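Numbering (full-length UniProt numbering), first residue to last: 1 to 301.
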């Protein structure tokens, strides 16, 4: 998906009444206008708004004037009129300006950044910031996706639109923010722990099925040796020892249900041989499965 795909986003105005509000980073954004202009040539005469009006040029050329400044704009650029800015947009007659545009207010709540803090939002709140940018980021993809949500309207549209609306606000602000305002420390990522968590999930999801080390390693895209070593370093136990413990802990919980037989419980926990199951259960829990059921899982010390 690219800027050219915005040409197919003609249903963007249909978002009116579908996406009115979203919350992002301590701010509330209320969308007040959605629009889409294409050929023929057109002109918006001098005017102003009480909200941010943003235009993404997907084709053609024109001129954006704000205050006493005039800016030539063309394909791949986005331009912004902040609240109160008196501005005018004029399309080229020879190469008509095609734009997707949206308007929204941005209000800070109790969790909004302080007045001296800067970040992605500074692209909207700093009156001295630029009004034309080529740093469109993912705007084309987000706008196209938003238009796709407008027709047809299907179940889940509200949740999907809320997420896309937040992305639209952030990407809009980023286009006009200083690079210094966008710089943040990346969150810590403990990849080994995440990989081990993925392997544990695979074990938990397949307790009743035959599982081999190679199956778990493939889930984490690791060799068997690397997967086993990493898992042992993080947990202190091998993959298969952990699998056995998880199966027997599940069995202890399932045995509290007096309906199924011990044989059925053993199979549900990945033990086709009930004798092997009973031996392993006694070794871990200190009593047989039948004793566990009889005592309702309670062991008096």
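Glycine included, each C-beta is placed from N, C-alpha and C at the ideal position.
Note that the coordinates shown come from a computational prediction; the quantities given were computed from them, not determined experimentally.
- Our two residues, residue 169 and residue 27, have alpha carbons roughly 10 angstroms apart in a direct line.
- Under DSSP, the beta-bridge partners assigned to residue 55 are 79 and 101.
- Partner residues in the beta bridge of residue 106, as assigned by DSSP, are 29.
- Between the alpha carbons of residue 67 and residue 191 lies a distance of about 51 angstroms.
- Residue ranges of uninterrupted alpha helix (DSSP H) with 4 or more members, entirely inside the region 108–165 and ordered along the chain, are 122–125 and 139–150.
- Between residue 103 and residue 32, the C-beta gap is smaller than 8 angstroms, which places the two residues in contact.
- Spanning the alpha carbons of residue 251 and residue 293 requires a straight line of approximately 10 angstroms.
- Ranked by Cα distance from residue 253, the first of 269, 160 and 230 is 269.
- Per the coordinates, the alpha-carbon of residue 181 lies some 20 angstroms from the alpha-carbon of residue 23.
- Secondary structure note for residue 181: its alpha helix (DSSP H) is the uninterrupted segment 179–182.
- Listed in chain order, the non-local C-beta contacts of residue 5 below 6 angstroms within the same chain comprise 144, local neighbours out to five positions each way being set aside.
- Residue burial annotation: residue 183 is exposed, with fewer than 16 other C-beta atoms found within 10 angstroms of its C-beta.
- With a cutoff of 8 angstroms on beta-carbon distance, residue 34 and residue 16 are scored as near each other.
- In this structure, the straight-line span from the alpha carbon of residue 84 to that of residue 149 is close to 31 angstroms.
- Just measuring C-alpha positions, the residue of 284, 296, 247 and 158 sitting nearest residue 272 is 247.
- Look at residue 5 here: in three-state DSSP terms it is helix.
- When DSSP assignments are scanned along the region 231–282, the uninterrupted stretches of alpha helix (DSSP H) that are 4 or more residues long and fall wholly within it turn out to be 239–254 and 262–268.
- In the DSSP assignment, residue 43 falls within the beta strand (DSSP E) that extends over 43–47.
- The criterion of a C-beta distance shorter than 8 angstroms is not satisfied by residue 175 and residue 203.
- Beta-bridge partners of residue 72 (DSSP): 63.
- Within the model, the alpha-carbon separation for residue 118 versus residue 185 is close to 14 angstroms.
- If you look at residue 193, you'll find it in the alpha helix (DSSP H) that goes 191–205.
- Within its own chain, the residues whose Cβ lies closer than 8 angstroms to the Cβ of residue 260, once the five positions on either side in sequence are excluded, are 254 and 268, listed in chain order.
- Assignment of residue 170 by DSSP, reduced to helix, strand and coil, places it in the helix class.
- Residue 82 is classed as buried because its beta carbon has at least 16 other beta carbons within 10 Å across all chains shown.
- The beta carbon of residue 70 lies closer than 7 angstroms to those of 63 in the same chain, with the five residues before and after it left out.
- Distance between residue 96 and residue 60, taken at the CA atoms: about 5 angstroms.
- Leaving aside the five residues that flank residue 132 on each side, the residues in its chain whose CB is nearer than 7 angstroms to its CB run, in chain order, 64, 71, 73, 77 and 79.
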